[in-house]
Each structure stands twice: as C-alpha cells, then as structure tokens.
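The numbers in the numbering used here rise by one with no breaks, and the one at position 117 of the sequence shown is 117. Note that CB positions come from ideal geometry on N, CA and C, so glycine has one too.
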Amino acid sequence: MPVTIVLGTQWGDEGKGKLTDLLAADMDFVVRYQGGHNAGHTIVVDGESFALQLIPSGVLNPAVTPVIGNGVVVEPQVLIEEIDQLEARGVDTSRLKVSGQAHLIMPYHVEIDRVTERYLGKNSLGTTKRGIGPAYSDKATRVGLRVQDLLDPKIFREKLDVVLKEKNLILAKVYNRLPLSADEIAKKYLGEYAPRIEPLISDTVALLNDAVDSGKRLLLEGAQATFLDLDHGTYPFVTSSNPTAGGAITGTGIGLRNISKIIGVAKAYLTRVGSGPFPTELFDEYGTMLVDRGHEYGTNTGRRRRTGWFDAVLLRQAARINSLTDVFLTKLDVLDPFEVVKVAVGYQCDGERYDSVPYHQSVFHKAVPIYKEFPGWQCDLSDVRKRSDLPKQALEYIEFLSEQIGVPVTMVGVGPSRNQYVEI
Ligand code: IMP
Numbered sequence: 001m002p003v004t005i006v007l008g009t010q011w012g013d014e015g016k017g018k019l020t021d022l023l024a025a026d027m028d029f030v031v032r033y034q035g036g037h038n039a040g041h042t043i044v045v046d047g048e049s050f051a052l053q054l055i056p057s058g059v060l061n062p063a064v065t066p067v068i069g070n071g072v073v074v075e076p077q078v079l080i081e082e083i084d085q086l087e088a089r090g091v092d093t094s095r096l097k098v099s100g101q102a103h104l105i106m107p108y109h110v111e112i113d114r115v116t117e118r119y120l121g122k123n124s125l126g127t128t129k130r131g132i133g134p135a136y137s138d139k140a141t142r143v144g145l146r147v148q149d150l151l152d153p154k155i156f157r158e159k160l161d162v163v164l165k166e167k168n169l170i171l172a173k174v175y176n177r178l179p180l181s182a183d184e185i186a187k188k189y190l191g192e193y194a195p196r197i198e199p200l201i202s203d204t205v206a207l208l209n210d211a212v213d214s215g216k217r218l219l220l221e222g223a224q225a226t227f228l229d230l231d232h233g234t235y236p237f238v239t240s241s242n243p244t245a246g247g248a249i250t251g252t253g254i255g256l257r258n259i260s261k262i263i264g265v266a267k268a269y270l271t272r273v274g275s276g277p278f279p280t281e282l283f284d285e286y287g288t289m290l291v292d293r294g295h296e297y298g299t300n301t302g303r304r305r306r307t308g309w310f311d312a313v314l315l316r317q318a319a320r321i322n323s324l325t326d327v328f329l330t331k332l333d334v335l336d337p338f339e340v341v342k343v344a345v346g347y348q349c350d351g352e353r354y355d356s357v358p359y360h361q362s363v364f365h366k367a368v369p370i371y372k373e374f375p376g377w378q379c380d381l382s383d384v385r386k387r388s389d390l391p392k393q394a395l396e397y398i399e400f401l402s403e404q405i406g407v408p409v410t411m412v413g414v415g416p417s418r419n420q421y422v423e424i
C-alpha cells in the first residue's frame with residue numbers, strides 16, 4: 001500500500017519537514033492535511049535554508065506533486081507570497097494543487113484571534129495569532145468561506161456579507177474594534193487573490209484517490225503535533241485541528257485501508273511554544289543549553305521555545321493514538337555535550353504513580369516526572385552516518401526509547417542538513 005503518514009508526536013517543531021523532505025525523494029505526492037500557516041517547516045538543502053508555512057515541503061523535489069488538502073485552512077496572501085519566494089529562488093511551484101474544500105482564513109479571523117488572546121490576558125493560549133482557531137470555528141459552525149468560493153464571486157460576496165455582519169458586531173461591540181469593510185475584503189480576495197489561486201484549485205479528493213488507485217506513492221504530512229491535537233492534546237492549550245493520524249484521513253479523503261506506514265517524529269528532548277502543561281520542562285542551565293544548541297526559536301513567530309527532557313509517557317500515548325509503525329528521533333546531536341541525559345518514564349501526581357498520561361487535565365498539570373538517567377556520550381555526532389559509528393551511550397539511549405515507546409526508532413537525526421541522519 002502506497003500511503004505514508006508523517007506526524008509530530010510531541011508539541012510540534014519536531015523536525016517533520018526534514019523527514020518529509022528526505023522521504024519526498026521516493027514519493028509522487030506530498031500532501032498537507034491540516035493546520036495552516038501556523039506551521040513552520042525548515043529544510044536545509046545544500047546549505048540553503050527554506051522556511052515553508054503552507055506549501056508542503058515536497059515542493060522542492062521536481063518529481064513530487066505538492067497538495068494542500070481539504071483539512072487545511074489557507075491564508076491566500078501567505079500562499080501567494082510563498083509561491084513567489086520559492087519561484088524567485090528557482091523552485092518550480094507549478095505542480096501545486098489546492099483543495100477547493102479547504103477553508104479560507106479571512107482578515108476577521110486574524111483580528112478575532114488577536115483580540116481574544118489579548119482579552120484572555122494571563123489565561124491566553126499563546127496562539128500564533130494567525131486566525132487558525134477562528135477559521136476552524138467558522139468551519140464547524142458552517143459559516144466559513146472555502147477556497148472554491150473564490151471561483152464564484154456572487155456566492156463569495158453573499159457569504160461574506162452574512163458572516164461579516166456578525167463578525168463586525170463582535171469586533172465593535174465586544175472588543176471595541178473598528179469594523180472591517182466587506183468591499184475591501186472582496187476586492188483583495190476576488191480581485192487580487194482569486195486570479196492567482198484559481199489555476200491551483202482542484203478536486204484533491206479525486207486526484208489523491210486516483211493516485212492511490214494507480215499505485216502512486218503518497219506522503220501525508222502533518223503540521224503541529226499529537227499533544228496540540230484538538231481532541232487528544234492538552235486542551236485547551238491546543239490548536240484547532242487534528243494533527244493525529246485520524247486527521248490525515250479526514251483532511252485528505254484517503255481511506256484508512258490505504259495507509260501502510262505511520263512515522264512519528266520525536267525530538268530527542270522536548271519543546272513547547274505557547275502555554276500549557278509541560279511536566280519535564282527545565283528552568284535551569286540545561287534548558288538554556290537546549291535552546292541555544294537546538295536553536296529553539298519559532299520558525300514562524302520567533303518565540304523562544306520552552307525546553308525539557310524527553311517524555312516517554314507522552315510518546316507511549318502518541319504511539320497508541322496514531323498507530324505508529326516507526327519513530328524518527330530528531331536532533332540527537334543537540335544532546336552531545338550533556339554529561340547526563342534524562343527520560344521521564346512515569347509521573348507522580350498527588351502521591352500516585354502514573355505510567356500513562358492522566359486523562360484529567362488538573363492531575364496532569366501537577367505531574368512530577370519520574371526520571372531514568374543515562375550517561376551522556378559527550379562527543380560530536382554530526383558526522384556519524386552509520387549505526388555502528390554511534391557511541392554506545394547514544395545507542396543505549398535510543399534503544400531505551402524504542403523499548404519505552406513500544407515502537408522502533410528506525411532513524412535518528414544528527415544535524416539540520418538533508419544527509420545528517422543515521423538508520424538504526
Ligand atoms: P494556533 O494553532 O495558532 O491556534 O495556536 C494554538 C497552540 O498551538 C499554541 O500553543 C501555539 O504555540 C501552538 N502551535 C501552533 N502551531 C505550531 C507549530 O507549528 N509548532 C509548535 N506549536 C504550534
């Protein structure tokens with residue numbers, strides 16, 4: 001069966017883009033299935049760095065058709081800017097397809113995301129303020145505008161007028177903001193964006209299923225991650241879509257039985273941006289070392305990421321929820337100078353031991369990790385390309401993680417470049 005899913009198993013920024021880019025060499029299609037331009041994938045090819053937010057990383061491979069699936073929320077201006085930037089650097093984007101069923105991010109979504117975060121104050125979620133949550137809410141309440149509406153100016157305007165009336169009331173009466181103009185929005189979306197996006201709009205459900213039927217190889221690329229999933233994450237500190245494997249099915253329209261591999265990407269330590277519980281978070285010099293060595297600042301927003309030790313409890317849960325077949329462990333080299341490396345194997349909460357994630361969020365907020373300690377390898381892994389060249393301490397760490405997760409770690413990243421990885 002020709003379909004592989006690549007997804008994040010932690011709180012995002014695991015390095016999914018690197019794996020997707022690597023696997024794209026053997027793929028015919030690379031498909032984004034959820035999220036929007038809240039994602040940020042960095043890929044380094046021949047020393048040149050590409051930061052992508054919406055367009056699937058596979059675009060860099062000329063044999064790949066990149067697809068933005070129906071589960072994604074699309075900010076048209078960002079999409080156009082990304083196409084223009086890639087083209088300016090010599091990357092051909094003409095193969096890109098965008099689902100007509102995907103929803104559009106509108107200016108009022110961004111405005112509402114901003115004012116709501118401000119209104120929540122110290123209880124804010126720490127969103128990327130890109131309008132993601134408001135766009136998915138409109139999808140769920142059935143007042144969203146879809147990419148295909150760009151093809152029909154009359155329908156677009158009718159829908160916009162209805163929804164904007166309500167949004168303007170909220171903006172003006174609740175948040176004391178100026179109302180937005182329907183004419184200006186329509187002028188931008190229909191006048192500027194539609195002509196650029198129209199040629200890309202496709203029936204991606206048919207396209208992808210035909211591809212599966214004719215034996216083509218497909219990679220479904222998740223954005224964000226398991227513990228930012230609207231259903232399975234640390235709610236409410238989550239994103240508004242389903243980055244987990246189930247989201248790949250609904251976000252593309254490809255049937256369950258076609259999936260052959262589900263690769264979970266996990267950082268060799270842990271990071272999180274924004275608010276929410278994080279039991280293994282470090283506030284000491286080790287945490288700072290992880291930030292510095294791992295360049296732990298958001299690709300997109302530039303925010304400093306929170307850092308901590310690897311949490312095997314989370315990974316066990318991610319393995320179950322996603323039916324993982326493999327784990328790709330990234331950024332192992334970041335741990336090179338550490339004398340000691342720790343892994344959380346369970347939690348202590350209110351005097352009780354937990355070997356799985358407590359379902360009650362209030363308990364999880366109080367979780368104190370139970371650690372297993374490993375001696376560090378204290379040597380440079382960045383040039384290692386073979387399993388047999390890995391120091392025994394690093395191998396011991398990898399093997400312990402496989403055992404804890406219950407899914408084999410089959411690849412390990414040892415640096416940002418495409419070729420810096422080791423097959424285990
Ligand atoms: P939103 O997706 O902008 O609504 O933000 C909701 C939460 O998801 C916040 O905690 C964000 O920091 C987090 N988030 C969204 N996208 C990413 C990502 O690509 N990497 C890591 N965290 C993310």
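Asked                                                                                                                                                                : Found
CA-CA distance, residue 26 and residue 61?                                                                                                                           : 10 Å
Identify every residue that forms a DSSP beta bridge with residue 172.                                                                                               : None; residue 172 has no bridge partner.
Restricting to Cα atoms, I'd like to know which of 376, 415, 195, 303 is closest to residue 396.                                                                     : 376
Please output, in chain order, the residues near the ligand IMP using a CB cut-off of less than 5 Å to any non-hydrogen atom of the ligand.                          : 12, 13, 38, 39, 126, 127, 128, 132, 133, 224, 228, 239, 273, 274
Measure from the alpha carbon of residue 94 to the alpha carbon of each residue in 197, 231, 262, then state which is nearest.                                       : 197
In angstroms with no decimal places, state the Cα-to-Cα distance between residue 238 and residue 107.                                                                : 22 Å
Flag this pair as touching only if the stretch 292-307 and the stretch 229-244 have three or more C-beta atom pairs under 8 Å; answer yes or no.                     : no
Among 269, 288, 261, 353, whose alpha-carbon lies nearest the alpha-carbon of residue 23?                                                                            : 261
Go through its chain and collect everything with a Cβ distance to residue 311's Cβ below 8 Å, but skip five positions before and after it.                           : 10, 270, 279, 280, 343, 344, 369
Nearest by alpha-carbon distance to residue 32: which of 43, 44, 14, 5 is it?                                                                                        : 5
Apart from the five residues just before and just after residue 155, which ones in its own chain have a Cβ nearer than 8 Å to its Cβ?                                : 149
Hey, quick one: how far does the alpha helix (DSSP H) through residue 134 stretch, first residue to last?                                                            : 132-140
Is it right to say residue 340 is buried, meaning 16 or more other beta carbons lie within 10 angstroms of its own, or is it exposed?                                : exposed
Could you work out which residue in 336, 245, 54, 133 is closest to residue 392 when comparing CA atoms only?                                                        : 336
Going by the CB atoms, is the gap between residue 264 and residue 313 shorter than 9 Å?                                                                              : no
For residue 172, which residues of its own chain have a beta-carbon under 8 Å away from its beta-carbon, when the five flanking residues on both sides are left out? : 178, 179
DSSP beta-bridge partners for residue 48?                                                                                                                            : 45
Residues bridged to residue 306 by DSSP?                                                                                                                             : 272
Does the separation of the CB atoms of residue 258 and residue 56 fall below 9 Å?                                                                                    : no
In this structure, does DSSP put residue 330 in helix, strand or coil?                                                                                               : strand
Where do the N-terminal and C-terminal ends of the alpha helix (DSSP H) with residue 344 fall, by residue?                                                           : Segment 340-349 is the beta strand (DSSP E) holding residue 344; no alpha helix (DSSP H) there.
DSSP has residue 122 in a bridge; who is on the other side?                                                                                                          : Answer by DSSP bridge pairing: none, since residue 122 is not bridged.
Check whether the Cβ atoms of residue 327 and residue 226 sit closer than 9 Å, and answer yes or no.                                                                 : no
In angstroms, rounded to a whole number, what distance separates the CA positions of residue 362 and residue 349?                                                    : 10 Å
Under DSSP, the beta strand (DSSP E) around residue 374 begins and ends at which residues?                                                                           : 368-375
Between the alpha carbons of residue 78 and residue 389, how many angstroms are there, rounded?                                                                      : 43 Å
Under 7 Å Cβ to Cβ from residue 65, same chain only, skipping five residues before and after it: list those, please.                                                 : 28, 29, 95, 97
Between which two residues does the alpha helix (DSSP H) harbouring residue 402 extend?                                                                              : 392-405
Cα-Cα, which of 233, 158, 200 is closest to residue 182?                                                                                                             : 158
Check for me: the beta strand (DSSP E) holding residue 436 runs from which residue to which?                                                                         : What the structure shows of the chain is the stretch from 1 to 424, and residue 436 is not part of that stretch, so it cannot be assessed.
Since residue 130 contacts residue 147 with CB under 8 Å, what's their CB separation in whole angstroms?                                                             : The Cβ separation is near 17 Å, so there is no contact.
Quick one: is residue 242 buried, meaning 16 or more other Cβ sit within 10 Å of its Cβ, or exposed?                                                                 : buried
Considering Cα atoms alone, identify which of 286, 404, 126 is closest to residue 315.                                                                               : 404
In whole angstroms, what is the alpha-carbon distance linking residue 199 and residue 308?                                                                           : 45 Å
Would you kindly check if the distance between the Cβ of residue 51 and the Cβ of residue 299 is under 9 Å?                                                          : yes
According to DSSP, simplified to helix, strand and coil, what is residue 150?                                                                                        : helix
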